[in-house]
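In our numbering, the protein residues as written are 19 to 144.
In what follows, a structure is listed as structure tokens, so that the remarks can point back to it.
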Ligand code: I3S
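Now the structure itself:
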């Protein structure tokens, strides 16, 4: 169970590398292409960066603009059907974009599942 004092805080997760595949755009199926991406959760958005800020700095280049996913109205669920990989969550946005996120380490992806779901749920209730 979460600590009582974390219940009221906005769900902002620090960045972490996860495997990501975009499988649909605007309801249209895309060819799946798994890539490792640096994922950051803001209160209402999920951001995908090519690399962590530390690495961008180490490589002497700017971090680059992230791809953003609007979590308002998004549905987050575990899926065993969309991939043969283990520990896969699916995010379906209100405009019909579908993403899969995966990590081999179950606690890692489980933490992201809960945090993204909590963020999306909090946006719906407003
Ligand atoms: O859902 P799919 O099409 O079976 O996903 C697989 C493909 O993306 C495959 O690439 P090619 O379309 O170039 O064969 C990937 O190599 C596989 O990893 C994908 O399946 P998994 O089960 O890993 O998500």
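Even glycine gets a Cβ: it sits at the ideal position worked out from N, Cα and C.
Residue i versus the options, residue with shortest Cα-Cα distance
i           : options            : result
residue 135 : 50, 107, 124       : 107
residue 92  : 32, 68, 62         : 62
residue 89  : 34, 137, 69        : 137
residue 122 : 48, 54, 113        : 54
residue 98  : 52, 45, 118        : 118
residue 146 : 120, 124, 111, 116 : This structure cannot speak to residue 146, because the chain is shown only from 19 to 144.
residue 116 : 86, 141, 132       : 86
residue 105 : 83, 114, 129, 113  : 129
Residue(s) in a DSSP beta bridge with residue i
i           : result
residue 147 : This structure does not reach residue 147, given that the chain is present from 19 up to 144, and the question cannot be answered.
residue 86  : 65
residue 94  : 109
residue 34  : 57
residue 73  : Answer is none; residue 73 lacks a bridge partner.
residue 117 : 40, 109
Distance between beta carbons of residue j and residue i, contact taken as under 8 Å
i           : j           : result
residue 50  : residue 41  : 5 Å
residue 127 : residue 109 : Incorrect: roughly 12 Å between the Cβ atoms, too far for contact.
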